[in-house]
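The structure under discussion appears below in the form of structure tokens.
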Amino acid sequence: MKKEAVIQSPGSHDGCVVCGRNNPFSLGLQFYSTGAEGVEGSFVGGPHLQGYAGILHGGVISAVLDSAMVHCLLQRNIKAVTADLRVRFLHSIPCSSQVTIRAWLTCAVSTLYEVKAEAWVDGRRMAKAQAKFMQSEDVE
Numbered sequence: 001m002k003k004e005a006v007i008q009s010p011g012s013h014d015g016c017v018v019c020g021r022n023n024p025f026s027l028g029l030q031f032y033s034t035g036a037e038g039v040e041g042s043f044v045g046g047p048h049l050q051g052y053a054g055i056l057h058g059g060v061i062s063a064v065l066d067s068a069m070v071h072c073l074l075q076r077n078i079k080a081v082t083a084d085l086r087v088r089f090l091h092s093i094p095c096s097s098q099v100t101i102r103a104w105l106t107c108a109v110s111t112l113y114e115v116k117a118e119a120w121v122d123g124r125r126m127a128k129a130q131a132k133f134m135q136s137e138d139v140e
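Just so it is clear: in the sequence shown, position 44 is 44 by full-length UniProt numbering, and no numbers are missing.
As structure tokens, this is what we get:
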């Protein structure tokens with residue numbers, strides 16, 4: 001998959017725990033356009049992100065998947081908030097893994113959007129998510 005330009009997070013995301021540029025605790029995750037298909041980004045966890053010993057916390061995985069889906073919409077200049085998020089954990093992700101996150105738009109009807117995302121480690125799908133987003137005037 002060819003990576004294109006970085007999807008710029010709006011200023012309202014500067015404090016985001018996943019992608020925030022001005023949050024010292026942020027994962028600093030950047031997402032790249034994969035063309036019309038969607039976005040992709042990657043990060044390496046660490047012991048500070050674990051739930052069970054040596055395993056990435058499910059909440060961290062959920063947050064990263066959600067962020068990827070938001071960036072999938074941002075690349076289309078759509079500002080939206082999560083209305084429904086469903087995550088399926090397929091395998092535990094070791095803290096030291098490089099995790100690749102991919103997200104793509106599956107449906108758009110008026111101001112509602114359905115987006116899917118997956119987390120991959122070494123070519124193996126570890127988690128998948130599906131979410132519904134509502135376009136919002138309340139976000140910058």
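Glycine is no exception: its CB is placed at the ideal position from the N, C-alpha and C atoms.
Counting only runs that start and end inside the stretch 46–111, the alpha helix (DSSP H) elements of at least 4 residues fall at 58–74. The three-state secondary structure of G11, taken from DSSP, is helix. A direct Cα-to-Cα measurement between N23 and I93 gives close to 24 Å. Contact annotation: G59 and C95 have beta-carbon atoms that are not nearer than 8 Å. For Q135, the secondary structure class from DSSP, reduced to helix, strand or coil, is strand.
Pairing K132 with K116, the inter-Cα distance amounts to about 9 Å. A distance below 7 Å between beta-carbons, with the five flanking residues on each side excluded, links M134 to the following residues of its chain, in chain order: A80, V81, A83, T111 and L112. Secondary structure at G41: strand, using DSSP grouped into helix, strand and coil.
The beta carbon of W120 lies closer than 6 Å to those of T100 in the same chain, with the five residues before and after it left out.
Burial of A129 is indicated by the presence of at least 16 other C-beta atoms within 10 angstroms of its C-beta.
In this structure, DSSP gives V121 an extended state, which the three-state scheme calls strand.
Burial check for E40: the Cβ neighbour count within 10 Å reaches 16 or more, so the residue is buried.
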